[in-house]
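Undergrad:
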Amino acid sequence: MKMPRQKFTEIAFLFEAMRNLNMVDTIGSGIRKMFKAQQERRFPLPEYDFSNNRVSVTIIGKVLDIDYANALAVCTDLTLVEIMALDKVQKHKQLTSDEERILKRKHLIEGRKPNYYIAKDIAQKTGQKAQYTRNAPYQKEYYFELIFKLLREHNHATRRDIDELLWNKLPDMISDNQRKSKIGNLLSELRAKGKIRNDGTSKNSCWMLVDHTSSE
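The opening position of the sequence shown corresponds to residue 1 in this note's numbering, with each subsequent residue numbered one higher.
(1) Spatial neighbours of Q166 within its chain, please: C-beta separation below 7 angstroms, excluding the five flanking residues on both sides.
(2) Just the C-alpha distance for R105 and D98, rounded to the nearest angstrom, thanks.
(3) Please name the residue in S181, Y117, E141 whose C-alpha comes closest to that of E130.
(4) Are the Cβ atoms of A123 and H107 separated by less than 8 angstroms?
(5) Put M208 into one of helix, strand or coil per three-state DSSP.
(6) Under a Cβ-count criterion, where at least 16 other Cβ atoms within 10 Å of its own Cβ denotes burial, should Q139 be classed as buried or exposed?
(7) For T158 and T133, I'd like the C-alpha separation in whole angstroms.
(8) Report, in whole angstroms, the separation of the C-beta atoms of N198 and M173, which I expect to be a contact under 8 angstroms.
(9) So Y117 is in the beta strand (DSSP E); what residue range does that whole segment cover?
(10) Just the Cα atoms here: how many angstroms apart are T201 and D161?
(11) Excluding the 5 residues flanking K88 on each side, which residues of the same chain have their C-beta closer than 8 angstroms to its C-beta?
(12) Starting from the C-beta of L150, find all residues in its chain whose C-beta is less than 8 angstroms away, skip the five residues before and the five after it, and write them out in chain order.
(13) Under the three-state reduction of DSSP, which class applies to I183: helix, strand or coil?
(14) Residue ranges of each beta strand (DSSP E) run of no fewer than 3 residues wholly in the segment 120-145, ordered along the chain?
(15) Go through its chain and collect everything with a Cβ distance to L190's Cβ below 7 angstroms, but skip five positions before and after it.
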């Protein structure tokens, strides 16, 4: 099928612009060369868009995520497939099942879908220990003890008080809705275990320890 003249012109223009930027050559290795150039500069990888009968490419000339940049600097044996999958992590895009398997197999990421983050080993090698700790979730018992301490010291607390206590202690990468859901699940679990009770309403909560004296 003959390519429409307009589409051919657009592709030719894109090719010429990329060639002038030394991002593509005439022997067919242009796409790989673009990825390689961005990788070497620790920049995010190019993004192609073939929708609406057009071909466009986005090239970002700065580091968006220092974790990703440092991971590439340390892991020089990554394949192009692995680099592209890791690039999606630093852009906070959803991974496919195959990409998850590839990155987990090489111990490059941790966390649970969809909130993956740079793995501990990489964080230690790249000086990202603090960021790793902010991303990695604590055990539930840690959050439980904070809630108990709040209720022991003040006898009761609202949901707003508990949100304020735990909000910044939850992993950095999760959304506000996920934070609210996580805190709600913690409270529900403690209430189901008979550790705390709500003497208020769902909108105007008043959380208290069930047995105040035994919890001190």
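Here a beta-carbon is modelled for each residue, glycine too, at the ideal position from N, C-alpha and C.
TA: For this structure:
(1) At residue 166 the sequence reads Leu, which differs from the Gln that was named. Closer than 7 angstroms at the Cβ level, and outside the excluded window around L166, lie Y143, L146, I183.
(2) 10 angstroms
(3) Residue identity check: residue 130 is Ala in the sequence provided, not Glu. Here the closest residue by C-alpha is Y117.
(4) Going by beta carbons, A123 and H107 fall outside the 8 angstroms limit.
(5) Look at M208 here: in three-state DSSP terms it is strand.
(6) exposed
(7) Whole-angstrom Cα-Cα distance: 28 angstroms.
(8) For N198 against M173, the beta-carbon gap comes to about 30 angstroms, at or over 8 angstroms, which does not count as contact.
(9) 115-118
(10) Cα to Cα, T201 sits roughly 15 angstroms from D161.
(11) Q94, L95, E99
(12) A157, D161, I162, L165
(13) helix
(14) none
(15) F144, I147, I196
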